[in-house]
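Below: one structure, written as structure tokens.
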Amino acid sequence: MSLSQRMQTLTGGGSDGWDVFIKARKMIAAGTAVTELTIGEHDIRTAAPILQDMHRSAMGGHTGYAMVPGTDALRDMVAARTTERTGVPTTRDNVLITPGGQAALFAAHAAACDPGDTALYLDPYYATYPGTIRGVSAVPQAIATRAEDAFQPRAADIAAHAEGARSLLINSPNNPTGTVYSRATLEGIAQVCVDHDLWLISDEVYDTQVWEGAHLSPRALPGMAERTLVIGSMSKSHAMTGSRCGWIIGPEEVIAHLITFATHTTYGVPGFIQDASVFALGQGPAFEAEVAAPFLRRRAIAQRVLGAQNTIGLIPAQGAMYLMLDIRATGMSGDDFANALLDRHHIAVMPGESFGSAAAGHVRVAMTIDDAGFETALRTLAGFAEARARAA
Ligand code: PMP
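In this text, residue positions in the sequence shown follow the working numbering: the first is -12, and each later residue adds one.
Here it is in structure tokens:
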């Protein structure tokens, strides 16, 4: 039996970028202690009061099919929070609750693109983006951002690829680069979308992790609410990665179609997870700042440690839970550096190449272990880079 082309070509043929991560996990399974600075998973677990609320809801009977669009309470909560944070009037009819941001990315592309349509995204990119686009039988087209711009996109580069495209996927604060798009960048992007009649899919799952500048949702820019689909999630803001609760915010008529799509794909999100999400969002910005605080602290550690050397360049870490390190002075590729660091020092980082060719010669470090362990690992990484640069 042969599988569909869609399944066979989902990762585009080559590696899906997870090789170093998988190698590290195999080493761990074989009993080697590995410092993992790879995936975007907090080192804290979901807070006990959230789990208690989840338990209360489940024991109270909210274990059957939940409403496919999401519960009224959660949709209202997400809508109110969005109105408050962005100033764009938003009601429950603008909100579909999804099983995580990943399902929202898939549904948004299904809504925007027909088979064969070109879907634009920016390189470096979160590893699932091209596969998600292929998953709806659209054609992923990467547009490189530049290390010399600290990976801040140039509207002109996007415009150069926009002719005939259907959608553009952006992500600020950015995984993997830590870049927060400036107002000027977003205004430029919005103009390209209007000029070329593109859907803008704006992945804002890191919007509570902004260390420099401010998060601006492009849906708030003039003329953009009607063509923007915002991706949100409880995963990063509330340390609820395993709960699989996210959302899409968009025009009412698009959400109505996406509800039909959800009926035929996911059939909604468990009620007890949604109730716990209402509870979690009800804890307000102070709780979100608490979840984000460790990354802000570790970013300061990284600035101190890396500020004392000049082999590694730290891309300004403006947001999210990652650091993008320029290791080109070692003469190594990101892949070679990450593999050698893992072999020699049992520290696992992600090669920049896992996130696209624009991040070649870089590695991404997730700030997801305790402060002391993080500082030690970073010092070892910096020492390793210096030794390699001397040898180069
Ligand atoms: N977008 C980005 C940029 C991410 O980094 C992630 C998860 N790492 C997601 C979306 C998906 O997150 P989730 O499905 O857990 O909401």
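Just so it is clear, CB atoms sit at the ideal spot from N, CA and C, and this is done for glycine as well. In this text, all values refer to a predicted model and were calculated from it rather than measured experimentally.
- For residue 150, the three-state secondary structure derived from DSSP is coil.
- With contact defined as three or more Cβ pairs closer than 8 Å, the stretch 51 to 61 and the stretch 178 to 186 are not in contact.
- Listed in chain order, the non-local C-beta contacts of residue 266 below 7 Å within the same chain comprise 37 and 40, local neighbours out to five positions each way being set aside.
- It is roughly 28 Å from the alpha-carbon of residue 79 to the alpha-carbon of residue 306.
- Your pair residue 19 and residue 333 checks out as a contact, with CB atoms roughly 6 Å apart and the cut at 8 Å.
- Ranking 70, 137 and 175 by CA distance to the CA of residue 149 puts 175 first.
- The beta carbon of residue 248 sits closer than 8 Å to those of 94, 97 and 98, all from its chain and outside the five residues before and after it, given in chain order.
- In this structure, residue 92 has its CB closer than 7 Å to one or more heavy atoms of the ligand PMP.
- Contact between the stretch 266 to 284 and the stretch 114 to 123 is absent, with fewer than three C-beta pairs closer than 8 Å.
- Under the DSSP assignment, residue 22 falls in the beta strand (DSSP E) whose first and last residues are 22 to 24.
- Annotation for residue 241: 98 and 216 place their beta carbon closer than 8 Å to its own, counting only its chain and skipping 5 residues before and after.
- Bridge partners of residue 310 according to DSSP: 352.
- An exposed status is given to residue 13, since fewer than 16 other beta-carbon atoms sit within 10 Å of its beta-carbon.
- Approximately 35 Å separates the beta-carbon atoms of residue 335 and residue 65; this is outside 8 Å, ruling out the contact.
- Distance from the CA atom of residue 140 to the CA atom of residue 243, rounded to whole angstroms, is 32 Å.
- In the DSSP assignment, residue 188 is bridged to 156 and 216.
- Relative to the ligand PMP, residue 178 has its C-beta separated by 7 Å or more from all heavy atoms.
- For the options 361, 347 and 219, the alpha carbon positioned closest to that of residue 88 is the one of 219.
- Rounded to the nearest angstrom, the Cβ distance from residue 343 to residue 321 is 11 Å, too far for a contact under 8 Å.
- Note that the stretch 292 to 310 touches the stretch 348 to 357; at least 3 beta-carbon pairs, one per stretch, sit closer than 8 Å.
- Shown here, residue 31 sits in coil according to DSSP, grouped into three states, outside any helix or strand.
- Each residue's CA atom was taken as its position, placing residue 165 and residue 73 some 21 Å apart.
- The closest CA to that of residue 201, considering only 173, 314 and 212, is found on 173.
- When DSSP states are grouped into helix, strand and coil, residue 273 belongs to the helix group.
- No Cβ-Cβ contact shorter than 8 Å links residue 43 with residue 105.
- Secondary-structure assignment with DSSP links residue 84 through a beta bridge to 234.
- In the three-state scheme derived from DSSP, where H, G and I count as helix and E and B as strand, residue 165 is classed as coil.
- The alpha-carbon of residue 372 is positioned some 37 Å away from that of residue 274.
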